[in-house]
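Undergrad: Position in the sequence shown (from 1) plus 5 gives the number in our numbering.
Ideal placement from N, C-alpha and C gives every residue a C-beta, glycine not left out.
Let me give you the structure first, and then I'll get to my questions.
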Amino acid sequence: MFDVLIIGGGAAGFYAAIHIAEADLTLKIAILERGKEVLSKVKVSGGGRCNVTHAEFDPKQLTQNYPRGEKELLGPFHTYCSGDTVQFFEERDVPLKIEEDGRMFPVSNSSQTIIDCFLNEAQRLGIQVLKHSSVTEIESVELENVTSWKVTSIKSTYETKKLLVATGSNPKIWSLLKNLGHTID
């Protein structure tokens with residue numbers, strides 16, 4: 006039984022897992038990744054250099070880069086913005102640099118620096134990373150009078166108190182979420 010199970014071994018899944026683990030070191034956390042490797046999109050992003058964030062530190066200005074979500078993102082960006090992302094990496098000895106167009110990359114110019122940071126933090130915090138674990142079913146279940154989750158992958162079935170889905174635009178996962186009553190537009 007996990008306290009938190011995260012579906013998706015990309016940047017969002019790792020970033021969330023690390024923040025959750027740091028908020029409560031007693032939690033048992035795992036990341037399920039369908040592929041043989043995690044963070045594969047990080048590896049190729051920014052031409053292999055990993056465009057981490059953008060040097061726009063005013064939430065109102067940053068939302069203008071998201072015309073279909075400008076209003077919806079204003080609140081979250083007031084809570085956590087580009088400066089927080091920069092601080093996250095700098096606290097882990099991964100300095101970032103700003104390019105002329107405002108894109109921010111690791112000073113190393115290598116996406117592997119970001120990958121190593123995520124993997125090292127996951128290991129340090131005891132986050133389990135379960136590869137080759139494509140999810141085939143998600144069920145809401147009652148465990149000890151509390152709504153929990155049963156997640157079945159091609160390898161195993163897991164129970165968790167909390168479930169976070171960080172799979173991006175994965176139609177298979179969208180279908181599973183629709184079966185739970187969620188709508189995806």
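Per DSSP, what kind of secondary structure is Phe-94 in: helix, strand or coil?
TA: Phe-94: helix per DSSP, three-state reduction.
Undergrad: Output the distance between the C-alpha atoms of Thr-165 and Ile-119, rounded to the nearest integer angstrom.
TA: About 28 angstroms.
Undergrad: Taking DSSP's pairing of strands, which residues face Ile-11 in a bridge?
TA: Note: Ile-11 sits in a beta bridge opposite Ile-36 and Leu-169.
Undergrad: Does the beta-carbon distance from Pro-100 to His-83 come in below 8 angstroms?
TA: Cβ distance not < 8 angstroms, so Pro-100 and His-83 don't count as in contact.
Undergrad: Should Lys-136 and Lys-46 be called a contact, given that it needs their Cβ atoms to be closer than 8 angstroms?
TA: No.
Undergrad: Lys-48 lies in the alpha helix (DSSP H); which residues open and close that run?
TA: Segment 45 to 53, the alpha helix (DSSP H) holding Lys-48.
Undergrad: Have a look at Gln-92, Lys-33 and Cys-86 and flag the residue whose alpha-carbon is nearest the alpha-carbon of Gln-128.
TA: Comparing Cα-Cα distances from Gln-128 to each of Gln-92, Lys-33 and Cys-86, the minimum goes to Lys-33.
Undergrad: Is it buried or exposed, Met-6, if we count other Cβ atoms within 10 angstroms and call 16 or more buried?
TA: So Met-6 ends up on the exposed side.
Undergrad: Grab the span of the beta strand (DSSP E) containing Phe-19 for me, first residue to last.
TA: Here Phe-19 belongs to no beta strand (DSSP E); instead the alpha helix (DSSP H) covers 16 to 28.
Undergrad: Helix or strand or just coil, what does DSSP make of Gln-69?
TA: Note: Gln-69 maps to coil in three-state DSSP.
Undergrad: In the structure shown, what three-state DSSP assignment does Phe-62 receive?
TA: Here Phe-62 sits in coil by DSSP.
Undergrad: Bridge partners of Trp-179, per DSSP?
TA: Paired residues: none, contrary to the question.
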